[in-house]
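Residue numbers (my numbering), protein chains in the order written: chain A, 1 to 497; chain B, 498 to 829; chain C, 830 to 1191. Glycine residues also receive a C-beta, built at the ideal position from the N, C-alpha and C atoms. Just below is one structure, and these are the notes that go with it.
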Amino acid sequence: MPALVLEAQGLGKRYGATVALDDAGLRLRAGEVHALMGQNGAGKSTLIKLLTGVERSDGGRIVLDGRDIAPATPLEAQREGISTVYQEVNLCPNLSVAENICAGRYPRRRWGGIDWTRARAEARTLLRELNLDIDVDLPLASYPVAVQQMVAIARALGVSAKVLILDEPTSSLDEGEVRELFRVMRRLRERGMAILFVTHFLDQVYAICDRITVLRNGRNVGEFAAAELPPPALVAAMVGREVELAGAHGAAAAAGDAPALVEAEGIGARGKLHPVDLRLHAGEVLGLGGLLGSGRTELARLLFGLDRIEVGRLRIDGADVDLRHPADAVRRGLALCPEERKTEGIVAELSVRENVVLALQARTGWRRCLPRARQESLARHFVELLGIKTADIETPVGALSGGNQQKVVLARWLATEPRLLVLDEPTRGIDIAAKQEIMGEVVKLARGGMAVLFISAEIDELTRLCDRIAVMRERRKAGELPGDADGARVLAMIAGH
Amino acid sequence: MSATVSLPRRWRRSLADPQRASLLATAMLFALMAGAGGVLYDGFLNPQVFLNLLIDNAFLCVVAVGMTFVILSGGIDLSVGAVLAFATVLCAVLVQHHGWHPLAAIALALALGTGFGAAMGLLIQRYRLPAFVVTLAGMFLARGAATLLSVDSISIDHPFMTRLAYLRLPLGGGYALSVGAVVALVVVAAAVWVARSTRFGRAVYAIGGNRASAALMGLPVAATEVAVYALSGFCAALGGVLCALYMLSGYSLHGSALELDAIAAVVVGGTLLAGGSGHVLGTLLGVLILGLIQTLIAFDGSLSSWWTKIAIGALLLVFCLLQRVLASRRRR
Amino acid sequence: MSPQSPSPDPALPRSARFAAPLRRAAAWPLFWPLLTLALLLAGNGLFNPGFLSLRWQDGHLYGNLVDIANRAAPLAVVSLGMTLVIAVRGLDISVGAVLAICATVAAWVVVRAGGGDAAPGLLPLGLGILAALAVALACGAWNATLVLKAGMQPIVATLVLMVAGRGIAQLVSGGQIITVYYPPYAFLGGGFLFGLPFPVYVVAGLFLGLYLATERTALGLFVRSIGHNPQAAHVAGVRARAITAAAYVFCAFCAGVAGLLVSSNVSSADANNAGLMLELDAILAVCLGGTALTGGRFSLAGSVLGALIIQTLTSTIYAAGVPPQVNLVVKAALVFAVMLLQSAEFRGEVRRRLARGAGAGA
């Protein structure tokens, strides 16, 4: 067994009433690629934050190379030897590649100034290790994300990192770039580096990783060798006991014959989405599956008018529409519960009541303010219906937990009584109970006549809930499957075999 | 990897780097304006005209250099005009009314300017107060302090100062530079070196690009943020000294709206107001361009001086729009 | 957050019993501006007997308080406009220049429309007002275009007009100070209505209109949502761009109204000095009133109070015979104090130091 480089035990973190991590741990050995897996909200990002000094653990210990460490800031973690490459590359886009690699450890000339020639040479050497030959004088921003990640890795090499944490690095990469990244990871592994690879793509885990640690609900489920844990067992470890979700498909068989409520004919936008055809019927739950970056959110945004449709036509109730602003979509009975809850969903400083009535008020117009009594009754209605845990409807939404915030956003859109509800990853980062409540409500709404577009990366959610499943891959629609299709078939279409 | 770089590659690199592209645009504008002046007016292309640009705007140049660093780091300093005024009044009062030697008065003015800037920087960095408002209040404070020292203008007639003011460094051919202009050029040269080759300078650029990343990379973000404002305060005070030399007076109304001119010079020089991209040499060109506008209008004789303000505003607009176009193209 | 604090326990020491209602009062957003104003006025009253006295003469109300309200009117008007812009996360530093432009335009139109004639009637007044406000709306539209269409940072976009604006004003005035010999025009800034100065009614009318607009319609909710999270507001269907543009246009409109008040008050228009440094005072007034510079939370009444505070300060310093330059220093101190109190980091540090001190003392 190769040497243990990093060992974390008993780590925990509470945020107010929410327990993000409880007695979790990790063991990294030299010369291995170790996957950290778990559903959204399982505690992966919290664990990373503790290891990289972004947050301090409530207990337990972290041992690096036999020494106890307790990094209080990201800089300290870096100095100890833990380097991280995030999905949003944490470098300075305006500085040159060479400078990003050697910032903070500039080679000096004898009389004090920075020796740029040596800096450039060092940068080129490090990049050559990764088989990259680029102009190191150009600003970092002039390179695509894949190259920027390589630069971040080169920097980690330069600071002699012992542990390299890659946090969801492949989300914005295409197939070729992912292969390059894996090649680099293998090379680093040969040199004895310990790599922690955080991802939610199953096939990538099996392509590159030696061992897998699974987290669920903030606790360790176990550490396994990748070769000894087949995918179904991995999924079972991540999801745990299968949760029975309320009434699935079958009842919507009639919906397929009805005329389409929303019909997208070859809609797309340059750089965002290749032309896609889609039909949505009232009373139907259409699932949209695919990996992150496959174009699901882009499609949702085009349907809702957040982005302009550049090619193709969108028809609602059979009539062509041109959506220039979300308000146009809302007026026609569309609703979008966005993926990014914090930046596009809640207005944290406003109260629950104000957040709930916001979209409805926006549709009603600025002149006619909804009477206070109506606002309060609406808010209370949804608090009860969705089980939103809040002290008061006047509490600022920012004080609620993630799951309850998501429910508030859902309530906002339900208040507009839409005919088509687009849900983009509504269950991300939410506990199982809340997930169940939301999903149950969604199915009830669909049976009541609402059309639902349900976007999710979780295959089991799609197969349990949806009447039809469309699969996106690389910004195109890969195909459609019936809702009762086997999970493996869906996975296959997503993976592209 | 060969050490020599073929010319086409270098050109390509210049245009790919928006920082270099901006600098090029500014230089071209300067050349264009100078050329236009030469065509329109007789005697415009006399080298002394251009040297006078530097002589007349030496103090603006020094102040703008300090402002460049602040803006590069993503901040802004509205107090520079007021600090300049304070420095002129302080020097005048100490020299004329209290018999101090000018060098001692100058030293005190520089020290106070730097300290004042550092204090503002501390408030901005430590308590995350918006730079705009803090330096705004600083402007009030400095201007008020200057007026408290002396409401009226104080003429300076100390022999040291007058000799320095009239001293001209001959450049051959009958052309000469003032002491102020030389100091300004030295400051620019020093600033170019600091920006390029010191950890402080690189930290300024890094912070302007992405503050959080700069901290992660181990750069001294907090100290640098305070230091840029201290540097700006120093430059404002030094500008005040040069202004006192140029006007041979100390007056609390000197440098009125100078901060706007400094910002305009920095923006026209190609520095992004959002921070992270820009060059000190661009600021020098920006100052010269502003001076050129004044000179062109003076040569014309028929245009009233308020056209200067409109012209500067228009230039500002054009350059900011240019920056947005370059930035959006780079993102694609 | 605690929704309600229970009534104080009689077993607690007296000081603690007062603490709870005091804390509740302090949580009221208008508490601090009102307290500051009250202290200033009270201080004046103490050191300067007769400062607070009012008297009725020739059908007008006279007194320092009336004077303060009158002089504060232009600043109050501009601050109201600035409040909305700041609330939607914007900034407008061109208000002083816009004021100068509008003042100059009004004076120019009044003179050209026959304001100096023997029997001009009210036409010059009407034309002057229309012209000034139209120009103000145009300036606001210009700022809005730069910010929203060209995507420039608000401070940069409005900097352009701030720099060029005075030049434009001087263009209109031909470099001269335009004097207006036309009594009806002087009414705007110097006239009395029912005993009170007319500008007070202008401020009151504007405040009332704005209050109704933000409280009786959904605009208040929209402005706050845009200021706190413009992306989320956009996704929810709020017309964020239109409302932001309207805020800039309205702010310039207010600057135009202020320009009318200022130039009418002195029956002239000075392109160079009208509204000088007004943007700084307006931002200060808005800050003092409790509006967050980061957007979202805003207080119209607070901004008016802020303007009154600044004017009271000026009057106090003038009445005390202290050199007027002290005004600048005091304003600076006020700004620092308010900003520090608004800063979470500062409050946190103070609390930590107090806790350490209390711990050491105990």
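ask   = Within 9 Å (strictly less), CB to CB, does C:Gln833 reach chain B?
value = What you label residue 833 of chain C is simply residue 4 of the third sequence in a count that begins at 1. In this prediction, C:Gln833 has a pLDDT of 41, which is less than 50 and means its spatial position is unreliable; what the coordinates show is noted afterwards. Output row for C:Gln833: interface = no.
inquiry  = Can you tell me which residues form a DSSP beta bridge with A:Lys477?
reply    = Reading the first sequence from its first residue, position 477 is the one you call residue 477 of chain A. In the DSSP output, where bridge partners are listed per residue, A:Lys477 has A:Met472.
inquiry  = Please return the same chain residues whose Cβ sits closer than 6 Å to the Cβ of C:Phe783, not counting the five positions on each side in sequence.
reply    = Since the first residue shown for chain C is 830 and the last is 1191, residue 783 of chain C is missing from the structure and cannot be characterised.
task = Give a yes or no on whether the C-beta atoms belonging to B:Leu633 and B:Leu609 are separated by under 9 Å.
result = Here residue 633 of chain B refers to the residue found at position 136 of the second sequence. Here residue 609 of chain B refers to the residue found at position 112 of the second sequence. Going by C-beta atoms, B:Leu633 is not nearer than 9 Å to B:Leu609.
Close Cβ partners of C:Leu869 (< 8 Å) along its chain, the five nearest in sequence each way excluded = The count along the third sequence starts at 1 and reaches residue 869 of chain C at position 40. So the list reads Ile1138, Thr1141, Leu1142, Thr1145, once near-sequence residues are dropped.
ask   = Can you tell me whether A:Ala233 is buried or exposed, with buried defined as 16 or more other CB within 10 angstroms of its CB?
value = For the purposes of this step, residue 233 of chain A is taken as the residue at position 233 of the first sequence. Here A:Ala233 is exposed: its Cβ has fewer than 16 other Cβ atoms, across all protein chains shown, within 10 Å.
request  = Have a look at B:Leu520 and C:Gly1056 and give me their C-alpha separation to the nearest angstrom.
outcome  = Taking the second sequence and counting its residues from 1, one reaches residue 520 of chain B at position 23. Taking the third sequence and counting its residues from 1, one reaches residue 1056 of chain C at position 227. Each residue's Cα considered, the two are about 36 Å apart.
Residues of its chain near C:Gly872, where Cβ-Cβ distance is below 8 Å and the 5 sequence neighbours each way are ignored = On the third sequence, residue 872 of chain C is found 43 positions in, with the first residue counted as 1. Take C:Gly872, set aside five residues on each side of it, and the residues of its chain with a beta-carbon closer than 8 Å to its own are Thr1145, in chain order.
request  = For B:Ala589, go through chain C and note every residue whose CB falls closer than 9 Å to its CB, in chain order.
outcome  = In the second sequence, residue 589 of chain B corresponds to position 92, counting from 1. Ordered by position in chain C, no residue passes the 9 Å Cβ test against B:Ala589, which lies about 16 Å from the chain.
ask   = Under 9 Å between the Cβ atoms of A:Gln405 and A:Gly398?
value = Reading the first sequence from its first residue, position 405 is the one you call residue 405 of chain A. Reading the first sequence from its first residue, position 398 is the one you call residue 398 of chain A. Their beta carbons are under 9 Å apart, which means A:Gln405 touches A:Gly398 by this criterion.
inquiry  = Using a Cβ-Cβ distance cut-off of 9 Å, determine whether B:Ala771 contacts chain C.
reply    = Here residue 771 of chain B refers to the residue found at position 274 of the second sequence. Interface criterion met: the Cβ of B:Ala771 is under 9 Å from a Cβ in chain C.
ask   = Where do the ends of the beta strand (DSSP E) carrying C:His1057 lie?
value = Counted from its first residue, the third sequence places residue 1057 of chain C at position 228. DSSP places C:His1057 in no beta strand (DSSP E) but in the uninterrupted alpha helix (DSSP H) bounded by 1048-1057.
query = What is the C-beta distance between B:Ala734 and B:Ala606, in whole angstroms, given that I count them as a contact (C-beta under 8 Å)?
reply = Within the second sequence, the letter at position 237 stands for residue 734 of chain B. Within the second sequence, the letter at position 109 stands for residue 606 of chain B. Confirmed, Cβ separation roughly 5 Å.
task = Would you kindly work out how many angstroms separate the C-alpha atoms of A:Ile153 and A:Thr343, rounded to a whole number?
result = Taking the first residue of the first sequence as 1, we reach residue 153 of chain A at position 153. Taking the first residue of the first sequence as 1, we reach residue 343 of chain A at position 343. So the two alpha carbons sit approximately 28 Å from each other.
query = Thinking just about the alpha-carbon of each residue, which of B:Ala643, B:Thr644, B:Val676, B:Asp649 is nearest to the one in B:Thr659?
reply = Residue 659 of chain B sits at position 162 when you count from the first residue of the second sequence. Among B:Ala643, B:Thr644, B:Val676, B:Asp649, the Cα nearest to that of B:Thr659 belongs to B:Val676.
query = With DSSP run on the structure shown, which of helix, strand or coil describes C:Gly1004?
reply = Within the third sequence, the letter at position 175 stands for residue 1004 of chain C. C:Gly1004: coil per DSSP, three-state reduction.
task = Since I believe A:Val85 is in contact with A:Asp210 (beta carbons under 8 Å), could you give me their beta-carbon distance rounded to a whole number of angstroms?
result = Start at 1 with the first residue of the first sequence, and residue 210 of chain A comes out as number 210. Start at 1 with the first residue of the first sequence, and residue 85 of chain A comes out as number 85. The Cβ separation is near 19 Å, so there is no contact.
key: C:Tyr1147 classed as buried or exposed, judged by whether at least 16 other C-beta atoms fall within 10 angstroms   = Working through the third sequence from its first residue, we reach residue 1147 of chain C at position 318. The residue is exposed, with fewer than 16 neighbouring Cβ atoms inside 10 Å.
request  = Would you verify that the beta carbon of A:Arg241 is, or is not, closer than 9 Å to some beta carbon of chain C?
outcome  = As a working note, residue 241 of chain A is residue 241 in the first sequence. The predicted position of A:Arg241 is uncertain, since its pLDDT is 46 and thus under 50; a value taken from the coordinates is nonetheless stated next. At a cut-off of 9 Å between beta carbons, A:Arg241 makes no contact with chain C.
ask   = Terminal residues of the continuous beta strand (DSSP E) containing A:Asn220?
value = Start at 1 with the first residue of the first sequence, and residue 220 of chain A comes out as number 220. Segment 219-225, the beta strand (DSSP E) holding A:Asn220.
Helix, strand or coil at C:Ala1022 according to DSSP, with G and I counted as helix = Walking along the third sequence from the start, residue 1022 of chain C turns up at place 193. At residue 1022 of chain C the sequence reads Leu, which differs from the Ala that was named. Reduced to three states, the DSSP call for C:Leu1022 is strand.
ask   = When DSSP labels each residue in this structure, what does A:Trp116 get in the three-state scheme?
value = Sequence index remark: in the first sequence, residue 116 of chain A carries index 116 (1-based). Helix at A:Trp116.
task = Measuring only between beta-carbons, confirm whether C:Pro1152 sits less than 9 Å from chain B.
result = Along the third sequence, read from residue 1 onward, the residue named residue 1152 of chain C stands at position 323. Closer than 9 Å to some Cβ of chain B, the Cβ of C:Pro1152 qualifies, so yes.
inquiry  = Taking the alpha-carbon of B:Leu569 as reference, which of B:Gly752, B:Asp649, B:Arg693, B:Val784 has the nearest alpha-carbon?
reply    = Looking up residue 569 of chain B in the second sequence gives position 72. B:Arg693 is the residue among B:Gly752, B:Asp649, B:Arg693, B:Val784 whose C-alpha sits nearest the C-alpha of B:Leu569.
Straight-line gap, A:Glu310 to A:Leu462 (C-alpha atoms, nearest Å) = For the purposes of this step, residue 310 of chain A is identified with residue 310 of the first sequence, where counting begins at 1. For the purposes of this step, residue 462 of chain A is identified with residue 462 of the first sequence, where counting begins at 1. Between A:Glu310 and A:Leu462, the C-alpha separation is close to 29 Å.
task = Please list the segments of the alpha helix (DSSP H) lying wholly inside the region 574-636 of chain B, counting only runs of 4 or more residues, in order along the chain.
result = With a minimum length of 4 residues, the continuous alpha helix (DSSP H) runs that stay inside the region 574-636 of chain B are 577-589, 599-623.
ask   = Grouping DSSP H, G and I as helix and E and B as strand, with all else coil, what is C:Phe1079?
value = What you label residue 1079 of chain C is simply residue 250 of the third sequence in a count that begins at 1. In this structure, DSSP gives C:Phe1079 a helical state, which the three-state scheme calls helix.
query = So B:Leu800 packs on B:Ile794, CB below 8 Å; how close in whole Å?
reply = Residue mapping note: residue 800 of chain B aligns to position 303 of the second sequence, counting from 1. Residue mapping note: residue 794 of chain B aligns to position 297 of the second sequence, counting from 1. Rounded, the Cβ-Cβ distance is 5 Å, consistent with contact.
query = Using a C-beta cutoff of 9 Å, does A:Ile388 count as contacting chain C?
reply = What you label residue 388 of chain A is simply residue 388 of the first sequence in a count that begins at 1. False, the Cβ-Cβ gap to chain C never drops below 9 Å.
query = chain C beta carbons: is any one of them nearer than 9 Å to that of A:Leu358?
reply = The sequence position of residue 358 of chain A within the first sequence is 358, counting from 1. A:Leu358 counts as touching chain C.
ask   = Using CA coordinates, which residue listed in A:Gly318, A:Pro396, A:Val321 is at the minimum distance from A:Val356?
value = Counting from 1 along the first sequence, the entry for residue 356 of chain A is found at position 356. A:Val356 has its Cα closest to that of A:Pro396, out of A:Gly318, A:Pro396, A:Val321.
message = What does the alpha-carbon distance come out to for the pair C:Gly1177 and C:Leu1170?
response = Within the third sequence, numbered from 1, the residue matching residue 1177 of chain C stands at position 348. Within the third sequence, numbered from 1, the residue matching residue 1170 of chain C stands at position 341. The C-alpha of C:Gly1177 lies about 10 Å from the C-alpha of C:Leu1170.
query = Cβ-heavy atom distance between C:Met981 and the ligand FAD below 8 Å?
reply = The model depicted lacks the ligand FAD and carries no ligand whatsoever.
ask   = Sorted by chain position, which residues of the same chain lie with C-beta nearer than 7 Å to C:Thr912's C-beta, five sequence neighbours on each side aside?
value = Here the question's residue 912 of chain C lines up with position 83 in the third sequence. Setting aside the 5 residues that flank it on each side, C:Thr912 is surrounded in the same chain by Val1115, Thr1120, Phe1127, Leu1129, Ser1132, each with a C-beta closer than 7 Å to its C-beta; the list follows chain order.
request  = Pair every Cβ in the region 1092-1111 of chain C with every Cβ in the region 897-909 of chain C, then say whether three or more of these pairs are closer than 8 Å.
outcome  = Segments in contact, yes.
ask   = Does C:Arg853 have its Cβ less than 9 Å from a Cβ in chain A?
value = To locate residue 853 of chain C, count along the third sequence from 1; it is residue 24. Taking CB atoms only, C:Arg853 has no neighbour in chain A less than 9 Å away.
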